[in-house]
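*Asks:* Be aware that the sequence shown starts at 3, since it is given in the working numbering, and climbs by one per residue.
Have a look at this one before I ask anything.
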Amino acid sequence: MFIPNKPAKYGLKLVLANDVTTNYLLTGIPYLGKQGTHARVGENLGHTFTRDLTRPYHHTNRNVTVDNWFTSVPLIQDLLHNCGMTLVGTVKGNKKEIPIMMKEKSNRVPGTSAFLFTDDITLVSYIPDRATAKKTVLLMSSMHTQPSITGTGKPEMIDFYNKTKGGVDTFDQMCAQYSCSRKTKRWPLCLFYGILNAALINSWIIHKHT
Numbered sequence: 003m004f005i006p007n008k009p010a011k012y013g014l015k016l017v018l019a020n021d022v023t024t025n026y027l028l029t030g031i032p033y034l035g036k037q038g039t040h041a042r043v044g045e046n047l048g049h050t051f052t053r054d055l056t057r058p059y060h061h062t063n064r065n066v067t068v069d070n071w072f073t074s075v076p077l078i079q080d081l082l083h084n085c086g087m088t089l090v091g092t093v094k095g096n097k098k099e100i101p102i103m104m105k106e107k108s109n110r111v112p113g114t115s116a117f118l119f120t121d122d123i124t125l126v127s128y129i130p131d132r133a134t135a136k137k138t139v140l141l142m143s144s145m146h147t148q149p150s151i152t153g154t155g156k157p158e159m160i161d162f163y164n165k166t167k168g169g170v171d172t173f174d175q176m177c178a179q180y181s182c183s184r185k186t187k188r189w190p191l192c193l194f195y196g197i198l199n200a201a202l203i204n205s206w207i208i209h210k211h212t
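Structure representation (C-alpha cells):
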C-alpha cells in the first residue's frame, strides 16, 4: 500500500503491539486494505485492531498507549469496562466527542492546560509553550484521574504518553538497522523477510534480558 507520510512510502502494512519496556514484539495483524480488512459492527478499524491485538492481555490491568488513529471514546470505555485495561492516546480534534472549547487556541496562554473529566475518562488540552505550535495537543486517558502537572509545566498525562508511545517505532528502527532483507518484487518473500527480521530482533531482546 501507499503511505505518503512515511519514509518507506510503499510496502505491506502490519499493525503491531510491542512491550514498551523491552520493545519486544507481542503480536501483529496485517492490514489487507478496505476490501480485505473489516471492522466489527459498531467499531471503527482502530477499535477492532486494538481489541484483537490486546486480546491475550485482557483483564490483566495493563495499559495500552496508542496514537490518534486508534483513540476513541468507545474504544477507551470498551477496554476499561469489558477488557480490564486502560488506554492513553492522543486524539484528533475533529472527533465529535471533543468540546469546541478544548480545541480552541485563542485566548489561551502558551504552556497551559485544560482538563475535562467524566466517570471513566480524562481529557487534557495542552497549549505547547512554543510560538511555532499551531495546534493544541489533545490526549485522552482512562488511567489518569487527576489534573497533575510536572515540573516542566506539562501535564503528567502527556509525559506518560511520550515515555510509552515508542515501542513500535523503536522496534521498526531496529528491524531496519539490522535487516536481512533483500530486494525483491515478490510480496510473499517481502513478508517472509519481515517475519525473519522481527524474529531476529525478538531473539536478541530475549537474550539481552535473560
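Glycine included, C-beta positions come from ideal geometry on N, C-alpha and C.
(1) Is DSSP giving G30 helix, strand or coil here?
(2) Have a look at the DSSP bridge pairing and note the partners of I129.
(3) To the nearest angstrom, how far is it from the Cα of L27 to the Cα of S74?
(4) What residue range is occupied by the uninterrupted beta strand (DSSP E) comprising G91?
(5) Find out if the Cβ-Cβ distance for the pair L55, V93 is shorter than 8 Å.
(6) Could you compute how far the alpha carbon of A201 sits from the alpha carbon of V68?
(7) Would you call T119 buried or exposed, if buried means 16 or more other Cβ atoms sit within 10 Å of its Cβ?
(8) Measuring alpha carbon to alpha carbon, tell me which residue in D161, I129, T50 is nearest S108.
(9) Please report how far the alpha carbon of K167 lies from the alpha carbon of N70, in whole angstroms.
(10) If you run the structure through DSSP and keep just helix, strand and coil, what is Q117?
(11) What is the C-beta distance between I203 and M159, in whole angstroms, given that I count them as a contact (C-beta under 8 Å)?
(12) Have a look at L18, G196, L77, V170 and flag the residue whose alpha-carbon is nearest the alpha-carbon of S143.
(13) Helix, strand or coil for N7, going by three-state DSSP, please let me know.
(14) Mind reading off the beta-carbon distance from F173 to N65? Whole number of angstroms is fine, and I expect it under 8 Å.
(15) Taking only the alpha-carbon atoms, compute the straight-line gap between L191 and I123 and give it to the nearest angstrom.
*Replies:* Quick answer:
(1) strand
(2) According to DSSP, I129 bridges with nothing at all.
(3) 24 Å
(4) 88 to 92
(5) no
(6) 23 Å
(7) Per the sequence presented here, residue 119 reads as Phe, with Thr not at that position. Looking at its Cβ environment, which holds fewer than 16 other Cβ atoms inside 10 Å, F119 is exposed.
(8) I129
(9) 11 Å
(10) Residue identity differs from the one stated: residue 117 is Phe in this sequence, not Gln. In this structure, F117 counts as strand in the three-state DSSP scheme.
(11) Contact flag wrong, Cβ pair sits at about 30 Å.
(12) L77
(13) coil
(14) About 18 Å separates the two Cβ atoms, so there is no contact after all.
(15) 44 Å
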